[in-house]
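So the structure is just underneath, and the comments pick up after that.
Number of protein chains: 4
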Amino acid sequence: MDRAELLAFLGREFPQVAADFDITAVTPDLLTMRLLTAERHLRPGGTVSGPTMFALADVAIYLAILSRIGPVALAVTTNCSIDFMRKPEAGRDLLAEARLLKLGRQLAVGDVLIRSEGAEGVVARAALTYAIPPRG
Amino acid sequence: MDRAELLAFLGREFPQVAADFDITAVTPDLLTMRLLTAERHLRPGGTVSGPTMFALADVAIYLAILSRIGPVALAVTTNCSIDFMRKPEAGRDLLAEARLLKLGRQLAVGDVLIRSEGAEGVVARAALTYAIPPRG
Amino acid sequence: MDRAELLAFLGREFPQVAADFDITAVTPDLLTMRLLTAERHLRPGGTVSGPTMFALADVAIYLAILSRIGPVALAVTTNCSIDFMRKPEAGRDLLAEARLLKLGRQLAVGDVLIRSEGAEGVVARAALTYAIPPRG
Amino acid sequence: MDRAELLAFLGREFPQVAADFDITAVTPDLLTMRLLTAERHLRPGGTVSGPTMFALADVAIYLAILSRIGPVALAVTTNCSIDFMRKPEAGRDLLAEARLLKLGRQLAVGDVLIRSEGAEGVVARAALTYAIPPRG
Chain A
1 MDRAELLAFL
11 GREFPQVAAD
21 FDITAVTPDL
31 LTMRLLTAER
41 HLRPGGTVSG
51 PTMFALADVA
61 IYLAILSRIG
71 PVALAVTTNC
81 SIDFMRKPEA
91 GRDLLAEARL
101 LKLGRQLAVG
111 DVLIRSEGAE
121 GVVARAALTY
131 AIPPRG
Chain B
1001 MDRAELLAFL
1011 GREFPQVAAD
1021 FDITAVTPDL
1031 LTMRLLTAER
1041 HLRPGGTVSG
1051 PTMFALADVA
1061 IYLAILSRIG
1071 PVALAVTTNC
1081 SIDFMRKPEA
1091 GRDLLAEARL
1101 LKLGRQLAVG
1111 DVLIRSEGAE
1121 GVVARAALTY
1131 AIPPRG
Chain C
2001 MDRAELLAFL
2011 GREFPQVAAD
2021 FDITAVTPDL
2031 LTMRLLTAER
2041 HLRPGGTVSG
2051 PTMFALADVA
2061 IYLAILSRIG
2071 PVALAVTTNC
2081 SIDFMRKPEA
2091 GRDLLAEARL
2101 LKLGRQLAVG
2111 DVLIRSEGAE
2121 GVVARAALTY
2131 AIPPRG
Chain D
3001 MDRAELLAFL
3011 GREFPQVAAD
3021 FDITAVTPDL
3031 LTMRLLTAER
3041 HLRPGGTVSG
3051 PTMFALADVA
3061 IYLAILSRIG
3071 PVALAVTTNC
3081 SIDFMRKPEA
3091 GRDLLAEARL
3101 LKLGRQLAVG
3111 DVLIRSEGAE
3121 GVVARAALTY
3131 AIPPRG
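Protein chains in written order, with our numbering: chain A, 1 to 136; chain B, 1001 to 1136; chain C, 2001 to 2136; chain D, 3001 to 3136.
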């Protein structure tokens, strides 16, 4: 699936959150996303909340998987380990880089790095495992 | 801090999310919370989303720490590892049990078990580490 | 499998490490193990090394799974998240309590708490996921 | 600390394990290590054991930290999340690439990718957090 197909899938299957995210690039090795930071994502002090960063990492790996195997609405997250390392910069979007390290028949594993737009330091790093349902 | 103080703190410092949660019990060993499940927490099929369960685990450990050391708004999550094991039951609240395993001067570590109300099976299990700022 | 069967399996399939461990109790809910602490497990200062605690947690969940489903030599660890919270006490064995939170057809998830014998504080806590091969 | 200093430190402080490892390169951004695979690291089938891979990841991040801040024997691992994705190839050394994502005053966080020598696929990926003791 390419960028347009992934965005259409997201809008159709996850209408509650689709407006929060944009996809900035998709290649076989890397999917990059943007969190369109809004008031509802913030904590006091203007920084993006932990659950919002979790959601960004989760959807980025999910779409990276779909970009390789097609629309599988039933793939589910089984594990996420996330490290929060720096405060996001107030008033900036977050960018996520998602890489698949394994895409097996039953499990997919990927890594996500999250940074504030225009900044070098990694804000959060997540590793996620998805279970992929048996395919036809 | 007792239940009333914790709820007042949550409403004051985290007004965006305070309405999502109730505290059902606080002892030195265990804090139990309820996610007041609402439409905005759900994914297609009526189950609670992963980021919502992450948020529930995160706030439960945060409040367990505050119940022991008092209001420290600046304690921050540094790591969370969460396993999603079963689908939450549709149409039920989620209950979280949070236990602190370590409460050091700089780091606190806790475990959370999340279940659907009235069900035995664990829906999700999370381990969280918080960094505690130096105290005066 | 009961305690004697599990120990026999361990000695047969994992002769390199079987002498490091004893099983102190097995019930459907809980398996407890002892690390027979020896010089080769120690770091400077006389405390047990991190990799040794990882090995203890890993084998405890593995045997807890086998105690429920029988000898499946090919079950493999897919994820472990481990928190090291306190120094083990020098000169004491370590005790591990392993609990299965999920035992599905493809994945098993469990928690392990490790303490120094005779001490209250948790030395390390681990969550492990095992992939279980399809059963004939 | 450069490669020679790191190897000397390892031999002096961790004589039990120093013979297991070599450092193949050190730059400010990346430290690469080799596990000198030996019989004692193997499981039935000839693949390297999980605890050995944990040890490799742990020492690689430890040395990456020391290469930046000098010999701090008391830095301790507080968390490790490791995903095992592929069987290591029998009869080959393992290579680890360690990158620091954060080097703060109190906490350091890094990522490790482990591959079999000469193979592309990632065998294991680990994220580790170290607590750094206050410096003078």
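Positions of the beta carbon are idealized from the N, C-alpha and C atoms, including for glycine.
Where the alpha helix (DSSP H) through residue i begins and ends
i	result
Asp-1058(B)	1050-1069
Glu-3005(D)	3003-3013
Boundaries (first-last residue) of the beta strand (DSSP E) holding residue i
i	result
Ala-127(A)	124-131
Ala-38(A)	Neither: Ala-38(A) is in no beta strand (DSSP E) and is coded neither H nor E.
Arg-3115(D)	3107-3116
Lys-102(A)	94-103
Thr-3027(D)	Per DSSP, Thr-3027(D) belongs to no beta strand (DSSP E) and is neither H nor E.
Val-2076(C)	2076-2084
Under 8 Å from the C-beta of residue i: neighbouring residues of chain A
i	result
Val-3122(D)	Leu-101, Lys-102
Residue i, buried or exposed, once every other Cβ within 10 Å from all chains shown has been counted against 16
i	result
Pro-2044(C)	exposed
Gly-110(A)	buried
Leu-1031(B)	buried
Leu-2100(C)	buried
Pro-3051(D)	buried
Ala-3064(D)	buried
Leu-3036(D)	exposed
Leu-3074(D)	exposed
Where residue i meets chain B, residues with beta-carbon distance less than 8 Å
i	result
Arg-89(A)	It should be pointed out that residue 89(A) corresponds to Glu in this sequence rather than to Arg. By Cβ distance, chain B contributes nothing, its closest Cβ being about 16 Å from Glu-89(A), past 8 Å.
Arg-2086(C)	Lys-1102
Chain A residues whose Cβ lies nearer than 9 Å to that of residue i
i	result
Phe-1054(B)	Gly-50, Pro-51, Phe-54, Ala-55, Asp-58, Cys-80, Ile-82
Beta-carbon neighbours of residue i, restricted to chain B and to distances below 9 Å
i	result
Thr-2129(C)	Asp-1083
Interface partners of residue i on chain C, CB under 8 Å
i	result
Leu-212(A)	Any property of residue 212(A) remains undetermined from this structure, which presents chain A solely from 1 to 136.
Pro-3071(D)	Ordered by position in chain C, no residue passes the 8 Å Cβ test against Pro-3071(D), which lies about 13 Å from the chain.
Contact set between residue i and chain C, taken where Cβ atoms lie within less than 7 Å
i	result
Arg-1115(B)	Neighbours of Arg-1115(B) on chain C: none; closest Cβ ~11 Å, over 7 Å.
Assumed close pair residue i, residue j - CB separation to whole angstroms, cut-off 8 Å
i	j	result
Val-2112(C)	Ala-2057(C)	4 Å
Phe-3054(D)	Arg-3034(D)	Between Arg-3034(D) and Phe-3054(D) the Cβ distance is about 16 Å, and since that is not below 8 Å, they are no contact.
Tyr-130(A)	Val-48(A)	Going by Cβ atoms, the distance from Tyr-130(A) to Val-48(A) rounds to 23 Å, so no, they are not a contact pair.
Ala-3124(D)	Ser-3081(D)	No, Ala-3124(D) and Ser-3081(D) are not in contact; Cβ-Cβ is about 11 Å, not under 8 Å.
Ala-3108(D)	Ile-3132(D)	6 Å
Val-1026(B)	Ser-1067(B)	5 Å
Ile-3114(D)	Leu-3128(D)	Their Cβ separation, rounded to whole angstroms, is 12 Å, which puts Ile-3114(D) and Leu-3128(D) out of contact at 8 Å.
Gly-46(A)	Ala-90(A)	4 Å
Ile-2023(C)	Leu-2042(C)	Actually they are not in contact, since the Cβ atoms of Ile-2023(C) and Leu-2042(C) sit about 22 Å apart, beyond 8 Å.
Gly-3070(D)	Met-3001(D)	6 Å
Proximal residues of chain D, C-beta to C-beta of residue i below 8 Å
i	result
Arg-125(A)	Leu-3101, Val-3109, Asp-3111, Ala-3127
Arg-2040(C)	Gln-3016
Any non-hydrogen atom of the ligand SAM closer than 8 Å to residue i Cβ
i	result
Ala-2126(C)	Within the structure as shown, the ligand SAM is missing, as the structure has no ligands at all.
Contacts that residue i makes with chain C (C-beta to C-beta distance below 9 Å)
i	result
Arg-1068(B)	Here the premise fails: no neighbours, minimum Cβ distance about 15 Å.
Below-9 Å beta-carbon distance, residue i vs any chain F residue
i	result
Asp-1020(B)	The structure shown contains no chain F; its protein chains are A, B, C and D.
### Query
Would you call the region 2117-2124 of chain C and the region 3002-3022 of chain D in contact, with 3 or more CB pairs under 8 Å?
Here the region 2117-2124 of chain C does not lie against the region 3002-3022 of chain D, with fewer than 3 beta-carbon pairs under 8 Å apart.
### Given 8 Å, three or more beta-carbon pairs between the region 56-75 of chain A and the region 1079-1086 of chain B
In short, these stretches do not touch, since the Cβ pair count stays below three.
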